[in-house]
Amino acid sequence: MSNIKSFDIAAEVPFNYLDNFTDEDSRLWGSLFMAPAMGLALNYGASRFEDNANGGKMAIYSLTITGSEAIAWPMVDRIKHILEVHGSVQTFEVVDIEENLIWPPEIDDIIELRQGGYPGPLPLD
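For reference, each letter of the sequence shown is one residue, going 4 to 128 in this note's numbering.
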């Protein structure tokens with residue numbers, strides 16, 4: 004069972020970022036933001052335009068993810084990876100509100116929690 008984490012994420016993504024998702028990314032994104040029981044809110048904000056490789060313009064949208072939900076640390080890592088691959092991350096603040104751990108947790112905190120029986124997040128390479 005995962006602990007509840009509080010999310011405050013801000014990123015910028017191109018209008019078609021979902022088109023480039025792998026099947027795995029699509030399943031994760033859909034399960035997080037299309038399920039009625041999830042406590043996370045994904046919101047799009049203002050847009051701007053950037054030059055693209057074809058000499059045209061591409062719309063870039065601000066995106067925020069806020070709320071609280073019980074999500075395992077590897078899924079948090081995957082959310083960050085998706086946003087980094089398909090856009091740019093301005094803010095990525097995720098806090099385990101039950102264990103008071105801030106993403107990414109320190110390795111000493113992980114070891115201490117695992118010794119207490121908490122599976123905890125996997126160390127990042």
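We put the CB at the ideal spot given by N, CA and C, even for glycine. All values derive from a computational prediction rather than experimental measurement.
Beta-carbon contacts of residue i that lie in its chain and below 8 Å, excluding the five residues immediately before and after
| i | result |
| --- | --- |
| G55 | Before going on, a small fix: residue 55 reads as Asn here, not Gly. So the list reads M61, once near-sequence residues are dropped. |
| I85 | F24, D28, L31 and W32 |
Helix, strand or coil at residue i according to DSSP, with G and I counted as helix
| i | result |
| --- | --- |
| P77 | helix |
| I7 | strand |
| E102 | coil |
Residues bridged to residue i (per DSSP)
| i | result |
| --- | --- |
| F52 | A62 |
| F95 | I12 |
| I68 | I12 and L45 |
| P107 | DSSP, once it has assigned bridges, lists no residue as partnering P107. |
Delimiting residues of the alpha helix (DSSP H) encompassing residue i
| i | result |
| --- | --- |
| S34 | D26 to F36 |
Reference residue i; option with closest CA among the options
| i | options | result |
| --- | --- | --- |
| E96 | L31, G48 and L104 | L104 |
| S9 | V98, E102 and W106 | V98 |
| Y20 | L35, P107, M78 and L66 | L66 |
| V16 | I68, A38, P77 and E101 | I68 |
| A13 | I7, F36 and K83 | K83 |
| A38 | G90, W76, E72 and W106 | E72 |
6 Å Cβ shell around residue i - same chain, five flanking residues per side excluded
| i | result |
| --- | --- |
| E53 | M61 and I63 |
Residues near residue i in its chain [Cβ-Cβ closer than 7 Å; skip 5 each side]
| i | result |
| --- | --- |
| G70 | F10, G42, L43 and A44 |
| S50 | A62, I63 and Y64 |
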